[in-house]
Amino acid sequence: MTTLEKWQEIKGLTMKLSNICTHTFRYLTRYIVLFFITLSCQSVLAEGSDDPFWNALIGGKVDFSSRYRYEHVDDNALAADGSTLKQADASTIRTTLGYTTGDFHGFGFRLLGQDVRDVFVDDFNDATGRPSSRTKYAVVADPEETDFLEAYLSYKGSGETTLLNATTMKLGRQIITYRKAPFHRFMGTVLWRQNWQNHDAFSLQNKSLPDTTINYAYSWNVNRIFTDEAVGGKGEFDSDSHFVNLKYDGFNYAKLEGYAYLLDFSNSLANSTETFGGRVNGGYPMSDKWKLIYAGEYANQGDYGDNPANVDEDYYLGEIGVKFTPGNVISSVVFKLDYEVLTGNGTNSFRTPLATGHAFQGWADRFLTTPGDGIEDFYITSVIGAYGAKFIASYHMIESDNLSYDYGDELDLLLVKTFKDHYTFGAKIAIYDADTNATNIARGGNRAADVTKSWFWAQVKF
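Here it is as structure tokens:
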């Protein structure tokens, strides 16, 4: 390469970096300006108003978050044309700005905008199938998008615990999940990705019975992480679905949960299923510093709606562990063993299309969709809290339910720390080592290929 060619290459890279920085600055500026305008309007307009409706409208709360993340993927799977995938490097930023009004006779309104942008480097396949998806690279499913994550009218009863006063209702675009993040086994936000999953729905929660929470939701559209511009309708599920979740925590050492999820997607018939299940989890103190922890769960899944398949699959989970709280520098140590099964008969398998799949079967995301042969996952997890930080180490040994062949093993490591309640820094790595047995190579698809993923992120949240 001549000196002139080198200079032209450097000049081109400089211009590209300049354009990226300018693009990012413009988007961030919009959010920041809107943020401070909103705050200013609140303080000015709130003065001297005697109108309860107006006071509720402008007397609410603003929330803001921004998460930058760098992700590197080294995937040995093959591209659609049979070539080796290029290593992916994704540098993205997720920004949200929300406003929740005050209460007016129990009614309120919530609006939350979300923006996802590429910054600095975009050498990755965003999984949307668009011409700009860069399919020669490994997948990082963080496509660019600006949209509303939440936009709903709410009603919350108050006063004595009667049926209506113990009820909260929401109508509009909203997040629906019934378990603590990120362990959304059936109903999730996919919160690890920069775009989050949400529903256009009506939801209801009632707490009129002692120690009991009753949840119901009807979803007519699921907005998935792939955005509206994804090819083939991948960005949403056209839904006619009902969700029921019941919880009881009136026992000292056990929490009970029962659920029925009736998924009817006109544009994804294979994911149209009915799932009925139950879960128990809890802990038993063995001493002041030691606690036995456990969980057990079972669910059965059948076909629903216009699903042409004859589905009859099961889900099992068994968990046992201990939690030690020594105090001082080390706040807690958790060690647990889990055995999780999603059955499959070679054709049909137990599906969880609305889950936060990243939290299960390893962070390398080889099992976001249950393979036809199902999954048996035996894994060991250790969680240590020390110096205000959290360290997680997990090791998965994953094989098929049908034919009982090995898919592979995975090691996951994470370190994360939050400062002053607002600033979070984290790093993690996932190393999936595929088994090379003949059955896995023939039937496992990309689960027969090694992959290593690593991340670094920084977040601010107010």
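In this text, residue positions in the sequence shown follow the numbering used here: the first is 741, and each later residue adds one. Ideal Cβ placement from N, Cα and C applies to all residues, glycine included. The model shown is predicted, which means the values in this text are computed figures rather than measured ones.
CB of residue i within 8 Å of CB of residue j, strictly
| i | j | result |
| --- | --- | --- |
| Asp1117 | Phe1090 | no |
| Phe966 | Pro871 | no |
| Gln945 | Thr907 | yes |
| Leu852 | Phe888 | yes |
| Gly990 | Ile1033 | no |
| Phe1016 | Asn1050 | no |
| Asn1021 | Lys1063 | no |
| Gly1023 | Tyr1038 | no |
| Glu969 | Thr868 | yes |
| Glu1150 | Gly1102 | yes |
| Ser1134 | Val1074 | no |
| Thr953 | Lys920 | no |
| Tyr1172 | Asp1190 | yes |
| Phe708 | Ser1008 | Because the chain in this structure spans residues 741 to 1202, residue 708 falls outside the shown range and cannot be described. |
| Phe983 | Ser1006 | no |
| Thr836 | Gln854 | yes |
| Leu903 | Ser873 | no |
Host alpha helix (DSSP H) of residue i (start-end)
| i | result |
| --- | --- |
| Phe793 | 792-798 |
| Thr1179 | 1178-1183 |
Any C-beta of chain B under 8 Å from that of residue i
| i | result |
| --- | --- |
| Leu996 | No chain B is present in this structure, which holds just one protein chain. |
N- and C-terminal bounds of the beta strand (DSSP E) containing residue i
| i | result |
| --- | --- |
| Arg1019 | 1013-1025 |
| Arg807 | 801-815 |
| Asp1117 | 1115-1126 |
| Tyr918 | Note, Tyr918: premise wrong, no beta strand (DSSP E); not H, not E. |
| His684 | No answer is possible for residue 684: it lies beyond the span of the chain, which begins at 741 and ends at 1202. |
| His939 | 938-946 |
| Tyr958 | 952-963 |
| Val879 | Val879 -> no beta strand (DSSP E), and no H or E assigned at all. |
| Lys1076 | 1070-1082 |
| Ala982 | According to the sequence displayed, residue 982 carries His and not Ala. Segment 976-988, the beta strand (DSSP E) holding His982. |
| Ala828 | 828-840 |
| Val859 | 847-863 |
| Leu1032 | 1030-1043 |
| Tyr892 | 885-896 |
| Gly928 | Careful: Gly928 lies outside any beta strand (DSSP E) and carries neither H nor E. |
| Tyr999 | 995-1002 |
| Tyr1145 | Where Tyr1145 is concerned, there is no enclosing beta strand (DSSP E), given that its DSSP letter is neither H nor E. |
| Gly1061 | 1052-1064 |
Proximity to residue i [Cα-Cα], best of the options
| i | options | result |
| --- | --- | --- |
| His1098 | Leu931, Thr868, Ser1006 | Leu931 |
| Gly1067 | Leu818, Ile833, Lys1029 | Lys1029 |
| Asn985 | Trp794, Asp1161, Arg925, Ala1035 | Arg925 |
| Glu1014 | Ser1027, Asp1004, Ser1008 | Asp1004 |
| Leu1077 | Leu818, Gly1125, Ile1120 | Ile1120 |
| Ser943 | Leu949, Tyr895, Gly975 | Tyr895 |
| Arg964 | Ala1167, Ala1104, Gln937 | Gln937 |
| Tyr1044 | Asn1011, Asp791, Leu818 | Asn1011 |
| Tyr1145 | Asp1152, Met1137, Thr868 | Met1137 |
| Ala1182 | Phe977, Ala921, Pro1111 | Pro1111 |
| Gly1036 | Asn795, Asp858, Glu1080 | Glu1080 |
| Gln914 | Arg874, Val880, Ala957 | Ala957 |
| Tyr892 | Ser898, Lys876, Pro922, His939 | His939 |
| Ala1095 | Lys876, Pro922, Asp951, Asn935 | Pro922 |
| Tyr807 | Val856, Phe793, Ala1174 | In the sequence under discussion, the amino acid at residue 807 is Arg, which differs from the Tyr named in the question. Of Val856, Phe793, Ala1174, the residue nearest in Cα terms is Val856. |
| Leu818 | Leu837, Tyr877, Asp790 | Tyr877 |
| Ala1188 | Ala1167, Ser1072, Tyr1147, Gly822 | Tyr1147 |
| Asn935 | Asp951, Glu890, Gly972 | Glu890 |
| Gly1042 | Ser1006, Tyr1001, Tyr1056, Val1069 | Tyr1001 |
| Arg834 | Phe849, Asp858, Arg850, Gly822 | Asp858 |
| Asn795 | Gly848, Gly838, Tyr810 | Gly848 |
| Glu997 | Gly972, Asp951, Thr840 | Asp951 |
| Arg933 | Pro792, Leu1108, Lys947 | Leu1108 |
Segment contact flag, the region 812-831 with the region 844-851, C-beta cutoff 8 Å, min 3 pairs: no
Cβ contact check for the region 1107-1124 and the region 1136-1149: 3 or more pairs under 8 Å: yes
Given 8 Å, three or more beta-carbon pairs between the region 789-804 and the region 1178-1187: no
The region 823-835 in contact with the region 856-876 per 3-pair CB rule at 8 Å: yes
Any beta strand (DSSP E) of 3 or more consecutive residues that is wholly inside the region 1149-1202: 1163-1174, 1191-1201
Any 3 or more C-beta pairs closer than 8 Å across the region 1183-1202 and the region 1126-1133: no
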